[in-house]
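In what follows, a structure is listed as structure tokens, so that the remarks can point back to it.
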Amino acid sequence: MAKVMAVIGMHRSATSAVAKGLHMAGFPMANNESTLLPPAPSNKWGHWEDKHLVTLNDKILHDFECEWNKPPHWLDVEDDRYAHVPRAVDYIKNRGLGQWGIKDPRLVLLWPIWREAFRQFPDIDLIVVSPWRDPAAIADSLVARNNMDLVDAIRLTETYQSLQADIRAD
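Under numbering that gives the first Met the number 0, the first residue of the sequence shown carries the number 0, and numbering increases by one thereafter.
Shown next, in the form of structure tokens:
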């Protein structure tokens, strides 16, 4: 049976560190290391995110006129979100059966789509890894990295962490 480790968590909440550890332990976060997002000044050890996954998730969010920092209002609209499941299924097929990982903070917002996509693969044992960081520390980090208003950063963090808690409970 294939095993996939899904790192689910808010931006700035140590998901990159967890994903790097899983990658080094034999759960590659991309089919080829050249498709991993490069390090950035705000994350000098790397994001450990597959560019193809991030692009796909951004396209799905864009279809709903949303972005990572402007969460969708469609979370309870099954018809809309499930229309995108085939795109996620294609990504999973491309990654193949075996042992691998998946990490992108946008997964928190799009988890209903990804959860349904993974259900199409009964031979994949999906394990959700969900790091948790103090919300105030996340908000402060968003303010520093994105020049975001503190109140907006707190609200965004609350949205992500509420969804993350729902994913953990599922």
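Glycine included, each C-beta is placed from N, C-alpha and C at the ideal position.
Beta-carbon contacts of Pro38 that lie in its chain and below 7 angstroms, excluding the five residues immediately before and after: Correct list, in chain order: Trp44 and Gly45.
Secondary structure, alpha helix (DSSP H): runs of 4+ residues fully inside the segment 26 to 52: Listed in chain order, there is nothing to give.
Inter-residue spacing [alpha-carbon to alpha-carbon] between Ala16 and Pro104: Those two C-alpha atoms are separated by around 13 angstroms.
Residues near Pro134 in its chain [Cβ-Cβ closer than 8 angstroms; skip 5 each side]: Here the set comprises Ile153, Thr156, Glu157 and Gln160.
Spatial distance of Arg132 from Ser12 (CA atoms): Each residue's alpha carbon lies about 5 angstroms from the other.
Bridge partners - Asp124, DSSP secondary structure assignment: Answer is Lys2, bridged to Asp124.
Whole-angstrom distance between Val150 and Arg114, CA atom to CA atom: Taking the straight line joining both Cα atoms gives about 30 angstroms.
4-residue-minimum alpha helix (DSSP H) runs that sit fully inside the segment 128 to 153, ordered along the chain: The segment 128 to 153 contains, as complete alpha helix (DSSP H) runs of 4+ residues, the segments 134 to 145 (chain order).
Rounded C-alpha distance that separates Arg144 from Met9: Each residue's Cα considered, the two are about 14 angstroms apart.
Contact check, Ala1 vs Gly95, beta carbons under 9 angstroms: Less than 9 angstroms separates the beta-carbon of Ala1 from that of Gly95.
For Ile101, the first and last residue of its enclosing beta strand (DSSP E): Gln98 to Lys102 is the span of the beta strand (DSSP E), which, as asked, contains Ile101.
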